[in-house]
Amino acid sequence: MGLEDSGRRREGTSRGPHSILHAAGLRSSALRPSRGFLEGGRGMDGPEEAQAAGPRLDELKRRLVRAFQRAVLRGSSRRLREEAAAREAQSRARVESALAGLRAELLEMRFQNRQLARTLLDLNMKMQQLKKEDEMETASESQSSEDNAQNLE
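Residue 1 is where the sequence shown starts when you use the UniProt record's numbering, and the numbers rise one by one after that.
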């Protein structure tokens, strides 16, 4: 197993923090250590390097914070959409249930309406029949009273 094999093996693995930074929109050049660090660990060469590193670190911090916030917002907005969809489904189910109840009530009211209409027709027919009987009775009484009056004469 030579150097070529280890190079091939490395190609198949992830790049580590560089791929995360790339996803956040950062360049790997922002991560380069200062010149003093590379020169035998002596520390900073002077205040100008500290001033140059400060804005880079601030920019790096801002980009990482923004990337993290976007990731959190994406997850929370998805959760909010799912919750809204669940509420909508529950609301729709309640409306459908209420409509089913109203339909059943309407059918019951139609049935009662037909029963009342039949009862009203039956009562109307009975009233007409009683009127005819009363008219016939009145006519027969008047006829019999006329007959009696003629018989008396």
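Think of the CB as a built atom: it goes at the ideal place given N, C-alpha and C, for glycine as much as any other residue.
Note that this is a predicted model, so its numbers are computed, not measured.
Backbone CA spacing between Asn124 and Ser91 [nearest angstrom] | 49 Å
Between Ala86 and Ala100, what straight-line distance do the alpha-carbon atoms span, to the nearest angstrom?
-> Their Cα atoms are separated by approximately 21 Å.
Express the C-alpha separation of Ser142 and Met109 in angstroms, rounding to a whole number.
-> 49 Å
Ser140 (DSSP reduced to helix, strand or coil) | helix
Rounded to whole angstroms, what's the CA-CA distance from Arg63 to Ala89? Just pull it up for me.
-> 39 Å
Roughly how many angstroms lie between the CA atoms of Arg114 and Lys126, to the nearest whole one?
-> A straight line joining the alpha-carbon of Arg114 with that of Lys126 spans about 18 Å.
What does a CB cutoff of less than 6 Å around Glu59 pick up in its chain, not counting 5 residues either side in sequence?
-> none
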